[in-house]
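To start, the structure under review is shown below, and the notes come after it.
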Amino acid sequence: MKRIAQWIFKAFNAFDWPLLALVILMAVLGMTVMHSAVGGTDWRFSDQLRNFLIAFLFLWITALTPPPMLMRLAPYFYVVGVVLLLGVEFFGETSKGATRWLNLGVARIQPSEMLKISVPLMLAWYFHRNQGSLKIIDFFVAGVLLAIPFSLIVMQPDLGTALLVFVSGFCVIYFGGLSFKLLVPIAALMVTGIGGLMYYEDVICQPDVDWVLLHEYQKYRVCTLLDPGSDPLGKGFHTIQSMIAIGSGGVYGKGYMMGTQSHLDFIPERTTDFIFAVYAEEFGLYGGIMLLVLYGLLIVRGLAIAMRAHTQFGRLLAGAMSMMFFVYVFVNVGMVTGILPVVGVPLPFMSYGGTALLTLGVACGILMSISRYRPVRQ
-10 MKRIAQWIFK
0 AFNAFDWPLL
10 ALVILMAVLG
20 MTVMHSAVGG
30 TDWRFSDQLR
40 NFLIAFLFLW
50 ITALTPPPML
60 MRLAPYFYVV
70 GVVLLLGVEF
80 FGETSKGATR
90 WLNLGVARIQ
100 PSEMLKISVP
110 LMLAWYFHRN
120 QGSLKIIDFF
130 VAGVLLAIPF
140 SLIVMQPDLG
150 TALLVFVSGF
160 CVIYFGGLSF
170 KLLVPIAALM
180 VTGIGGLMYY
190 EDVICQPDVD
200 WVLLHEYQKY
210 RVCTLLDPGS
220 DPLGKGFHTI
230 QSMIAIGSGG
240 VYGKGYMMGT
250 QSHLDFIPER
260 TTDFIFAVYA
270 EEFGLYGGIM
280 LLVLYGLLIV
290 RGLAIAMRAH
300 TQFGRLLAGA
310 MSMMFFVYVF
320 VNVGMVTGIL
330 PVVGVPLPFM
340 SYGGTALLTL
350 GVACGILMSI
360 SRYRPVRQ
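Taking this note's numbering, the leading residue of the sequence shown gets -10, the next gets one more, and so forth.
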């Protein structure tokens, strides 16, 4: 009986309670908005509830796994993830023009989701192993470790997931000691490129212009962002309708389940990528600010865990997980409000989907594991 009581105490002691409170609050809010988006409790609502329960189970299991164990498993997770991506490249299943899934017989998986966790795990392991003796070559090796899965995911093509994998991995490299001075030329090049893109929009967005590095649909997504009205019933439909929904919500919103744009099917993908438009129409500006504050608290809590971590591995990994949440929110809200191209990034704890929720649950579990870990002093 005493052993059972100790196990129960250990199991519940694994939680970081401020972080858990935020996750539960956002899960409740997410299910509330999903109920409105589907217009009741149909199969999507029940599936999402099941997805939350599975994600919470994996969160708990990960929180119970100490960081040293995660560190030992990191290279294996990375290698398995890259092998599965290669499997997608040669044996993957194609759907809607993209080859992102791998059929294992017993299940159909999307390996790129796994890399959102395994890439920062691997890089945090690498920098922890080489701390105190970092050289330029170490940053080059880290760049290669990041470039391999990033390139394989871009080839699928899945630019949204590739972006999340790249940012989470790059944050580990930057937090690991990459000089800020090296980023200035990259930032200058990006600003110049965006400025040139906007200036020469009329020329480079012509149908006969090939962008070489991007697929045709990716080119049109960028051009539609610059001028949604150029194809209001085609490529620009998603952006225009989501902006109308957000604007029609006003300051206070239309009220729960009272959104006309969503319930009259004007918002495409309203349960997945564009669920923020449903939320903003019904809860307005105040509701949108409240949601962003909740995300901000989640990110701040993750960064606080990173600052208090007892190992280099924990600091780097917690920092990467926190910034991954930031990119999720920034990219999704940006594409729904028309300031970023549509790249298919879900809104954390709000968008429908089991794989993304599982990834978020594991990420929160990693933060909790790092938060509760205390090294045994010899």
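Virtual Cβ for every residue (Gly too), placed ideally from N, Cα, C.
Check                                                                                                                                                               : Outcome
Going along the chain, which unbroken runs of the alpha helix (DSSP H) with 4 or more residues stay wholly within the stretch 88 to 122?                            : 100 to 118
In or out: Val351 buried (at least 16 other Cβ within 10 Å) or exposed?                                                                                             : buried
Give me the residue from Tyr65, Trp90, Glu270 with the minimum Cα distance to Ser107.                                                                               : Tyr65
Roughly how many angstroms lie between the CA atoms of Pro364 and Phe302, to the nearest whole one?                                                                 : 13 Å
Would you mind sorting Ser358 into buried or exposed? The rule is 16 or more other CB atoms within 10 Å of its CB.                                                  : buried
Do Tyr245 and Leu274 have their C-beta atoms within less than 9 Å of each other?                                                                                    : no
Whose C-alpha, out of Pro337, Leu8, Ser25, Leu280, is nearest the C-alpha of Met247?                                                                                : Ser25
Less than 9 Å between the C-beta atoms of Leu336 and Val318, yes or no?                                                                                             : yes
So does the stretch 27 to 38 actually touch the stretch 281 to 301, counting three or more Cβ pairs closer than 8 Å?                                                : no
Can you give the Cα-Cα distance for Leu368 and Trp114, rounded to whole angstroms?                                                                                  : The shown model of the chain, from -10 to 367, leaves out residue 368, and the question about it has no answer.
Looking at the structure shown, is Thr344 part of a helix, part of a strand, or coil, going by DSSP?                                                                : helix
For Ala295, which residues from the same chain have a beta carbon less than 7 Å from its beta carbon, with the 5 sequence-adjacent residues on both sides left out? : Arg304, Ala307, Gly308, Ser311
So the alpha helix (DSSP H) Gly285 belongs to, where does it begin and stop?                                                                                        : 264 to 297
Please report the straight-line C-alpha distance between Ser340 and Ser122, rounded to a whole angstrom.                                                            : 43 Å
Can you find the residues in the same chain that come closer than 7 Å, C-beta to C-beta, to Leu347, ignoring five residues on each side of it along the sequence?   : Ile43, Ala44, Phe47
Taking DSSP as the reference, what is the three-state secondary structure of Thr83?                                                                                 : strand
Return helix, strand or coil for Lys243, following the three-state DSSP convention.                                                                                 : coil
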